[in-house]
Amino acid sequence: MATSAGDVNLVWQTFHQRLRGFILQRVHNPADADDILQEVFVRIYQHLATVQDTDRLQSWIFQITRNAIVDYYRKASRQPALMPEAALATLMMEDDSVVFNQQMADCLRPLLEYLPRPYREAVQLAELDGMPQGAIAQALGMSVSGIKSRVQRGRQKLKALLQTCCQLELDGQGNVIDYEMKDLSLCRSCGLAK
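Using this note's numbering, the first residue of the sequence shown is number 137, and each one after it goes up by one.
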């Protein structure tokens with residue numbers, strides 16, 4: 137089965153922003169992150185046709201990305217100055233919690249629509265767009281403490297909605313490591329239902 141340009145374009149549209157953010161968390165140079173992202177999509181293009189289980193596509197893509205980051209740091213000229221061996225080992229051992237967190241992020245986007253507008257706007261800007269709360273306060277003409285309260289309340293409301301849909305299992309750092317769907321009608325709206 138050959139990979140079509142349309143398949144790769146769909147993967148690009150779906151994942152490129154999340155993958156770039158994932159890479160930037162580990163490689164703090166935007167130009168290098170873009171190079172790694174390009175390498176990831178070359179690998180995806182070369183091997184997409186070999187993916188048997190499309191339900192595991194996201195896990196597969198994030199594993200390719202982790203491997204590309206490790207390759208970046210393994211290059212002899214970069215490794216000693218940028219990433220010690222222990223950090224490389226940690227990156228290699230990252231488990232599917234990254235994928236679960238990404239699935240939860242995908243679920244939160246449509247659930248945001250259920251929040252009242254002021255909370256939806258604050259959470260969208262702070263959590264999904266990554267805007268600093270000071271900048272949000274300035275943009276919305278509010279105090280920083282007012283925005284902090286609004287974001288916190290919005291998070292609580294969003295968490296309640298998510299827990300209506302799914303039973304979550306978290307690790308010690310609060311990362312989602314597993315979930316079980318409870319309300320399929322809500323899960324269908326967020327895309328977790330299979």
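Every residue gets a Cβ at the ideal spot worked out from N, C-alpha and C, and that includes glycine.
| query | result |
| --- | --- |
| Cβ-based neighbour list, W148, same chain, cut-off 6 Å, excluding 5 preceding and 5 following | none |
| CA nearest to the CA of C243, picked from Q274, M317 and G308 | M317 |
| Classification of V163 by the beta-carbon crowding that lies within 10 angstroms, buried from 16 upward | buried |
| Classification of G266 by the beta-carbon crowding that lies within 10 angstroms, buried from 16 upward | exposed |
| Endpoints, alpha helix (DSSP H) assigned at Q174 | P166 to H183 |
| Nearest-angstrom beta carbon gap, L276 and V259 [assumed within contact, 8 Å] | 13 Å between Cβ atoms; not a contact. |
| Reference A169, options Q288, V206, A185 and P252, closest by Cα | V206 |
| Three-state secondary structure (DSSP) of Q303 | strand |
| Own chain partners of V144 with C-beta closer than 8 Å, once the 5 adjacent residues on each side are dropped | F177, I180, Y181 and L184 |
| Unbroken alpha helix (DSSP H) run spanning Q274, endpoints | Q269 to L276 |
| Beta-carbon spacing of R256, G290 below 8 Å | yes |
| Option in P246, Q274, S279 and G270 with minimal Cα separation from K295 | P246 |
| Where A262 falls, given that 16 or more other Cβ within 10 Å makes a residue buried | buried |
| Y208 CB to nearest heavy atom of the ligand FMN below 7 Å | You won't find the ligand FMN in this model; it holds no ligand whatsoever. |
| Length of the line joining the Cα atoms of A204 and R154 | 15 Å |
| Beta-carbon proximity of L264 to K293, cut-off 8 Å | no |
| Extent of the continuous alpha helix (DSSP H) run through S195 | L193 to R210 |
| Inter-residue spacing [alpha-carbon to alpha-carbon] between Q274 and V187 | 46 Å |
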